[in-house]
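Trainee: The letter at position 34 of the sequence shown is residue 25 when you use our numbering, and the numbering goes up by one with no holes.
Virtual Cβ for every residue (Gly too), placed ideally from N, Cα, C.
As the structure is a prediction and not an experimental result, all values here were calculated from the model.
Please see the structure below; I have some questions.
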Amino acid sequence: MKSFVVIGLGRFGRALAVELFRLGHEVLAVDKSEERVSEIADFVTHAVRADARDEQALRAIGARNFDCAVVAFAGETQDNILTTLLLKELGVKYVVAKGHDELHTRVLQKIGADRVVFPESDMGVRLAQIISSNNLVDYIDISDDYSIIEMTAPPRWDGKSIRALDVRAKYGINILVVKSGSGKTLSVVPSPDYVIRKGDILVVIGTGEDIRRLQ
-8 MKSFVVIGLG RFGRALAVEL FRLGHEVLAV DKSEERVSEI ADFVTHAVRA
42 DARDEQALRA IGARNFDCAV VAFAGETQDN ILTTLLLKEL GVKYVVAKGH
92 DELHTRVLQK IGADRVVFPE SDMGVRLAQI ISSNNLVDYI DISDDYSIIE
142 MTAPPRWDGK SIRALDVRAK YGINILVVKS GSGKTLSVVP SPDYVIRKGD
192 ILVVIGTGED IRRLQ
């Protein structure tokens, strides 16, 4: 279990805090709005009203004691910058900040943000990948070059073994997991003799180019 402090409870911050708590982590949710704090109180470990732009407020909530702080203000670029700077000065080990544009990102990185995310942009790219494909179920970038996707097995693969399909040589991908269409069986790192069936869900890793060729 890790400990997180999520600062800024707009749509992104709220969703992140609730999901982290659901996954079993300790979550402190922080916002200057009493209404937002009240709305999330039952769905996280703790929720407090505080102005995270104030160094003393960050000290009072024990921000430096958390494994990770997420600065998730919606639209307030100066607030994100100031809060990120204060958190790093307080010694928070890992700070994730919500970026709004290229310049804002550069500033956040300069002042010490360990990671800058673009929720709306990232979700837009992810959705575009999913809805533009006939068999893509989900899509996650793990680096600039490689992605992990969850996809329905192409009909032409039905009844063929992974060895016979030779996907690594033909497409440059690796099959990490196969989940049966019924959902009853799950094969992690399936053997080359595993036979793909219609409706199977595959989790594969490869470069963007390899995955596009596969589709």
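1. So, are the CB atoms of Ile52 and Ala63 less than 7 Å apart?
2. Can you tell which of Tyr162, Val180, Gly174 and Ser173 has the C-alpha that lies nearest to the C-alpha of His202?
3. State the Cα-Cα distance for the pair Ala60 and Arg204, rounded to the nearest angstrom.
4. Does the distance from the C-beta atom of Leu49 to that of Leu77 stay below 7 Å?
5. Check Gly82 in the structure and name its three-state DSSP category.
6. Can you tell me whether Asp149 is buried or exposed, with buried defined as 16 or more other CB within 10 angstroms of its CB?
7. Excluding the five sequence neighbours on either side, which residues of its own chain have a C-beta within less than 7 Å of the C-beta of Glu46, listed in chain order?
8. Using the Cβ count rule (16 or more neighbours within 10 Å means buried), how would you classify Val179?
9. Give me, in chain order, the residues of the same chain whose beta-carbon lies closer than 6 Å to that of Phe3; leave out the 5 immediate sequence neighbours on both sides.
10. In angstroms with no decimal places, state the Cα-to-Cα distance between Ile122 and Met142.
11. Whole angstroms are fine: how far does the CA of Gly172 sit from the CA of Ala32?
Mentor: Taking the geometry as given:
1. no
2. Per the sequence presented here, residue 202 reads as Ile, with His not at that position. Per the Cα distances, Tyr162.
3. 39 Å
4. yes
5. coil
6. exposed
7. Leu77
8. exposed
9. Ala63 and Pro110
10. Note that Ile122 scores 45 on pLDDT, short of 50, meaning its location in the model is unreliable and no value can be drawn from it.
11. 38 Å
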